[in-house]
Amino acid sequence: MTDLLSDLYPWTKAFHIISVIAWMAGLFYLPRLFVYHVEQGDTINGISPLFEVMERRLLRAIMNPAMIATWIFGLAMVFTPGVVDWGMIWPWTKGAAVLGMTWFHHWLGLRRKDFIAGHNSVTGRQYRMMNEVPTVLMIVIVFSVILKF
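Read in our numbering, the sequence shown has 146 at position 146, and its numbers run on one by one without any break.
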């Protein structure tokens, strides 16, 4: 099995990067949709259901599959012999940041459900601030992997 993982490593890494890019795009875009939903949802008649459709499709058709693929290919790389040196700190900082990214993904999913139920309590300004979370986590992940600190 480890020979197979080693042989497939370049493919695994490529698919991991593609998955991460798709996931990150959604993590950047969904909070922005929430900002517009909060700020424009009541001002334009009938626009709120349109936002709900856009948010649902983004989450279910792009973000969820991309997150799952990111985890699958990432774990495949973790189990590939010689890729991760667990004696260094970088795998742990990257792992913590990925867990944070996953938490943020699920937090966004819960906020989407709040919109559907009519119970959103987060302001547009708060969504703008939360939109910085994936950026900070991305910086930690990239520095961890590239600099291997």
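Note that beta-carbon positions come from the ideal geometry of N, C-alpha and C, so glycine has one too. Note that this is a predicted model, so its numbers are computed, not measured.
* Three-state secondary structure assigned by DSSP to H119 -> Along the sequence shown, read from residue 1 onward, the residue named residue 119 stands at position 119. DSSP places H119 in coil when its eight states are reduced to three.
* Asked: Relative to the alpha-carbon of H16, which residue among L50, V78 and L30 has its alpha-carbon at the smallest distance?
  -> For the purposes of this step, residue 16 is taken as the residue at position 16 of the sequence shown. Of the candidates L50, V78 and L30, V78 places its Cα closest to the Cα of H16.
* Quick one, are the C-beta atoms of M101 and L137 less than 8 Å apart? -> What you label residue 101 is simply residue 101 of the sequence shown in a count that begins at 1. What you label residue 137 is simply residue 137 of the sequence shown in a count that begins at 1. Closer than 8 Å, so yes.
* Check whether the Cβ atoms of M63 and L30 lie closer than 8 Å to each other. => As a working mapping, residue 63 is identified with position 63 in the sequence shown. As a working mapping, residue 30 is identified with position 30 in the sequence shown. In this structure, M63 places its C-beta atom within 8 Å of the C-beta atom of L30.
* Under a three-way DSSP split, which group does D3 fall into? -> Indexing the sequence shown from 1 puts residue 3 at position 3. Note: D3 maps to helix in three-state DSSP.
* State the Cα-Cα distance for the pair E132 and G95, rounded to the nearest angstrom. => Along the sequence shown, one-based indexing puts residue 132 at 132. Along the sequence shown, one-based indexing puts residue 95 at 95. About 19 Å.
* Quick one: Cα of G124 to Cα of Y36, how far? -> Residue 124 sits at position 124 when you count from the first residue of the sequence shown. Residue 36 sits at position 36 when you count from the first residue of the sequence shown. Taking the straight line joining both Cα atoms gives about 7 Å.
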